[in-house]
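Working notes, beginning with the structure itself.
Protein chains: 2
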Amino acid sequence: MGERKRVTIKDIAREVGVSAHSVSLALNNQGRISEPVRKKILETADRMNYRPNILARGLVQGRTYLLGFICPAIHESFFASILSGVEEKCSRKGYDVILGNAFGRDIKTESDALSRILDRKVDGIIAAPDPRAYSVYEPLVSEGIPFVQIMTRIPGLNAPSLSVDNEYGGYIAARHLIELGHSNIGFINTDLPFYEEISQRYKGYTRALLSLEQSVNPQQLSVACENLIDIEQSKEAAKKLLMENRSISAVFAPTDHAAIGVVNACLELGKRVPEDISVIGFDDIDLAHYQIMRPLTTISQPKQEQGYLAFEMIEQLISGEKISDRIIKPELITRTTTAKFNK
Amino acid sequence: MGERKRVTIKDIAREVGVSAHSVSLALNNQGRISEPVRKKILETADRMNYRPNILARGLVQGRTYLLGFICPAIHESFFASILSGVEEKCSRKGYDVILGNAFGRDIKTESDALSRILDRKVDGIIAAPDPRAYSVYEPLVSEGIPFVQIMTRIPGLNAPSLSVDNEYGGYIAARHLIELGHSNIGFINTDLPFYEEISQRYKGYTRALLSLEQSVNPQQLSVACENLIDIEQSKEAAKKLLMENRSISAVFAPTDHAAIGVVNACLELGKRVPEDISVIGFDDIDLAHYQIMRPLTTISQPKQEQGYLAFEMIEQLISGEKISDRIIKPELITRTTTAKFNK
DNA sequence: TTGAAAGCGGTACCAA
DNA sequence: TTGGTACCGCTTTCAA
Numbered sequence: 001m002g003e004r005k006r007v008t009i010k011d012i013a014r015e016v017g018v019s020a021h022s023v024s025l026a027l028n029n030q031g032r033i034s035e036p037v038r039k040k041i042l043e044t045a046d047r048m049n050y051r052p053n054i055l056a057r058g059l060v061q062g063r064t065y066l067l068g069f070i071c072p073a074i075h076e077s078f079f080a081s082i083l084s085g086v087e088e089k090c091s092r093k094g095y096d097v098i099l100g101n102a103f104g105r106d107i108k109t110e111s112d113a114l115s116r117i118l119d120r121k122v123d124g125i126i127a128a129p130d131p132r133a134y135s136v137y138e139p140l141v142s143e144g145i146p147f148v149q150i151m152t153r154i155p156g157l158n159a160p161s162l163s164v165d166n167e168y169g170g171y172i173a174a175r176h177l178i179e180l181g182h183s184n185i186g187f188i189n190t191d192l193p194f195y196e197e198i199s200q201r202y203k204g205y206t207r208a209l210l211s212l213e214q215s216v217n218p219q220q221l222s223v224a225c226e227n228l229i230d231i232e233q234s235k236e237a238a239k240k241l242l243m244e245n246r247s248i249s250a251v252f253a254p255t256d257h258a259a260i261g262v263v264n265a266c267l268e269l270g271k272r273v274p275e276d277i278s279v280i281g282f283d284d285i286d287l288a289h290y291q292i293m294r295p296l297t298t299i300s301q302p303k304q305e306q307g308y309l310a311f312e313m314i315e316q317l318i319s320g321e322k323i324s325d326r327i328i329k330p331e332l333i334t335r336t337t338t339a340k341f342n343k
Numbered sequence: 344m345g346e347r348k349r350v351t352i353k354d355i356a357r358e359v360g361v362s363a364h365s366v367s368l369a370l371n372n373q374g375r376i377s378e379p380v381r382k383k384i385l386e387t388a389d390r391m392n393y394r395p396n397i398l399a400r401g402l403v404q405g406r407t408y409l410l411g412f413i414c415p416a417i418h419e420s421f422f423a424s425i426l427s428g429v430e431e432k433c434s435r436k437g438y439d440v441i442l443g444n445a446f447g448r449d450i451k452t453e454s455d456a457l458s459r460i461l462d463r464k465v466d467g468i469i470a471a472p473d474p475r476a477y478s479v480y481e482p483l484v485s486e487g488i489p490f491v492q493i494m495t496r497i498p499g500l501n502a503p504s505l506s507v508d509n510e511y512g513g514y515i516a517a518r519h520l521i522e523l524g525h526s527n528i529g530f531i532n533t534d535l536p537f538y539e540e541i542s543q544r545y546k547g548y549t550r551a552l553l554s555l556e557q558s559v560n561p562q563q564l565s566v567a568c569e570n571l572i573d574i575e576q577s578k579e580a581a582k583k584l585l586m587e588n589r590s591i592s593a594v595f596a597p598t599d600h601a602a603i604g605v606v607n608a609c610l611e612l613g614k615r616v617p618e619d620i621s622v623i624g625f626d627d628i629d630l631a632h633y634q635i636m637r638p639l640t641t642i643s644q645p646k647q648e649q650g651y652l653a654f655e656m657i658e659q660l661i662s663g664e665k666i667s668d669r670i671i672k673p674e675l676i677t678r679t680t681t682a683k684f685n686k
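Residue numbers (this note's numbering), protein chains in the order written: chain A, 1 to 343; chain B, 344 to 686.
Below is the structure:
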């Protein structure tokens, strides 16, 4: 209704008095067309306000210039920031992103999101997959659909991944605390073994602990917490840890959400942060940065940057290049929740 | 490369021994086809792992089941939450969302984002537009392209809008402070007149002030701040306000970012929140909720919910219904930054 | 350099 | 109920 009929390549052809093919050539700068004709076509197209129909082009070329982006929680600023980076690059290169949200790490939802995206014949897919979703993503690999996994990687899946160096991140987090004089450094762990990024952070943490003069047992300094994104759960876990280990003077929480839980736990236990307990997180989400009273010391993941890189990787894959994994170095961001150990 | 050729409607036709047309009918449950044939076609399609090509269908039907979503900062959890709501509904109804990020309220970027989205022949557009972008969005209206504006509305533009009742929100925010005994209630204003949502909140605030026994002059209790999303700028504005008006015992900041700035200002000025100064924000973003020490009292905007509603509105528009504006009631969320006035 | 025609994968219209 | 055919808007192949 009221919708203006869009001008097509044929309209221009008729107007200029050439064939549709010539118009197509001129529009795509294919060269083999005489300059005056080309110019006239371009002018007419412009005057008539021509916009190519990407669908039609996609249908014949088998390309859509569409990318799929799948993540478990787009409302989290963490994923939204990565998406923002992807989108920015896309807009520059003529791509568009379509979104698949896999609410709350439900494999079924994730699988549905992927199906929908595949039905759109996207040129490539960037996903922060559930590590258990091997069977969901495996078909992408075997069918050769460009696919980059970010954040998490699915064990055994032969698809390039982009992530921060989690082991190193865990290491510098613990090193930071050790350099402040702490030796009894707690860790909020997960009991879900498939979250490799967490176990890598744990590994870095234990490696740093090795440099301590007196040896400590990392296992005794850890608690398990089922969901490290849940502040309440992390708080409860931290309370347990702190009450059972009175000697702990610092805690490394492998996510910022967990770190916030830890600070909350300290507060409830009447311990001051950082005077009594130092706390360091991981990710550097907005929530860590914009704490009014206690901005969190944490390990940063460059999020927008990861979006850029993910786009570049998928672009290379689309153009047929072979690429390998990319690993970004995380950085220590010292803010207010860590301080020198004072016994 | 290695990409399996997708099975098309013709492959199924050949396999079953019917025409492509019959396959199309069967697949779309168009009815006028005999049950056994229908069944066989469906089975074969399933067995061959058939997936329809949405592009091809869109090309002929003139529909894409694609929606455009435009906002100024997708990395903000506020917009990301709305998007999340839109996406959830979309996934249920066979739509997909493509994203247009209009970084930092730059009209040119916004206009480009819209062009890209229009080139995709989307069925409808949901946008949180810059209020100054009249000329960018006007063509949508005159060409009858389904369009819903959320959050902000462009003055004079004849397109349905969805937003919170900002005047009412401003009113209940100020009422809350008044009920706590405050009468000198400061306001962080913007000097940019086109942000109607802010001026509406201000209007609600002044209306509430009218109920005070002794009359106060709202203008004397306001400062201008250019960017109410910028915490630093808001902090500086608040410091100025607080230093020039020693009698102020409460501040209404019309965004949560500004409210965080105000709390920071209080801290720097050696004033306690909420003992010396009560602070209330607006929006209820994650940053307000997850403050460790001082979760913010604020006025909530249901974000996910707005995503749902925006989808419903655009869906109605697409199906040709006439719809009118929708206004949601915001709610007071009392947390820790407001307290009884004690002179 | 240019034009005519085929075809991408579907749907819609018509006739059988 | 079914099949044939045109066509959506564009690119590609082949001839001219």
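Each residue gets a CB set at the ideal place from its N, CA and C atoms; glycine is no exception.
Since the model is a prediction, treat every value here as computed from it, not as a measurement.
The three-state reading of DSSP puts ALA133 of chain A in coil, since its state is none of H, G, I, E or B. By a beta-carbon distance limit of 8 Å, GLN306 of chain A does not contact GLY17 of chain A. Their separation comes to about 51 Å.
Cβ-Cβ distances below 7 Å link GLY512 of chain B to ARG544, GLY547, PHE625, ILE642 and PRO673 in the same chain, with the five nearest sequence neighbours on each side left out; the list follows chain order. Judged by DSSP in its simplified three-state form, GLY529 of chain B adopts strand.
Around the beta carbon of LEU584 of chain B, 16 or more other beta carbons lie within 10 angstroms, which makes this residue buried.
Closer than 7 Å to the CB of LEU210 of chain A there is not a single CB belonging to chain B.
No Cβ-Cβ contact shorter than 7 Å links ILE12 of chain A with LEU25 of chain A.
Residues of the region 439 to 459 of chain B with a C-beta atom less than 9 Å from some C-beta of chain A are ASP439, VAL440, ILE441, LEU442, GLY443, ASN444, PHE446, THR452, ASP455, ALA456, SER458 and ARG459, listed in chain order.
In the DSSP assignment, THR298 of chain A falls within the unbroken beta strand (DSSP E) covering 297 to 300. The region 141 to 161 of chain A and the region 322 to 342 of chain A touch, with three or more beta-carbon pairs separated by less than 8 Å. Among the residues of chain A, none has a CB under 8 Å from the CB of MET656 of chain B; the nearest is roughly 17 Å distant.
According to the DSSP assignment, VAL622 of chain B belongs to no alpha helix (DSSP H) but to the beta strand (DSSP E) extending over 621 to 626. Interface flag for ALA423 of chain B against chain A is set, since a Cβ pair is found closer than 7 Å. The beta carbon of VAL622 of chain B sits no closer than 7 Å to any beta carbon of chain A.
Beta-bridge partners assigned by DSSP to GLU88 of chain A: none are found.
ILE260, VAL263 and ASN264: these are the residues of the region 233 to 265 of chain A whose beta carbon lies less than 7 Å from some beta carbon of chain B, given in chain order. Counting the other CB atoms within 10 Å of its CB gives LYS10 of chain A a total below 16, which places it among the exposed residues.
For ARG669 of chain B, there is no enclosing alpha helix (DSSP H); the residue is part of the beta strand (DSSP E) that begins and ends at 669 to 671.
For ASP627 of chain B, no Cβ of chain A is located within less than 7 Å of the residue's own Cβ. Per DSSP, the continuous beta strand (DSSP E) segment holding ALA250 of chain A begins and ends at 250 to 252. Rounded to the nearest angstrom, the gap between the Cα atoms of ASP112 of chain A and PRO139 of chain A is 14 Å. About 25 Å separates the CB atoms of ALA133 of chain A and ILE188 of chain A; that is not less than 8 Å, and the two are not in contact. In the DSSP annotation of this structure, the continuous segment of the beta strand (DSSP E) that includes ASP439 of chain B starts and ends at 439 to 444. Sequence-distant partners of LEU660 of chain B (beyond 5 residues in either direction) whose C-beta falls short of 8 Å from its own C-beta, in its chain, are GLY467, PRO489, PHE490, VAL491, PRO503 and ILE666. By the CB criterion at 7 Å, ILE231 of chain A and ASN184 of chain A fall outside the cutoff. Relative to the Cα of ALA237 of chain A, the nearest Cα in the group A:ILE280, A:TYR137 and A:GLY186 belongs to A:GLY186. The three-state secondary structure of VAL223 of chain A, taken from DSSP, is strand. Taken through DSSP and simplified to helix, strand or coil, ILE229 of chain A comes out as coil.
Going by beta carbons, SER77 of chain A and ASP286 of chain A fall inside the 7 Å limit. By the criterion of a C-beta distance shorter than 8 Å, LEU612 of chain B is surrounded in its chain by LYS582, LEU585 and MET586, once the five residues flanking it on both sides are discounted. The beta carbon of LEU212 of chain A lies closer than 6 Å to those of SER183 in the same chain, with the five residues before and after it left out.
When C-alpha distances from VAL380 of chain B are compared across B:ALA471, B:ASN371 and B:VAL366, the shortest belongs to B:VAL366. DSSP links PHE412 of chain B through a beta bridge to B:LEU442 and B:ILE469. Counting C-beta atoms within 10 angstroms of its own C-beta, HIS519 of chain B has 16 or more neighbours from the protein chains shown and is therefore classed as buried.
Identification of residues in the region 39 to 72 of chain A having a C-beta nearer than 8 Å to some C-beta of chain B yields ARG51, PRO52, ASN53, ILE54, LEU55, ALA56, GLY58, LEU59, THR64 and LEU66, given in sequence order.
Across the structure, ARG14 of chain A and PRO472 of chain B are spaced so that their CA atoms are roughly 38 Å apart.
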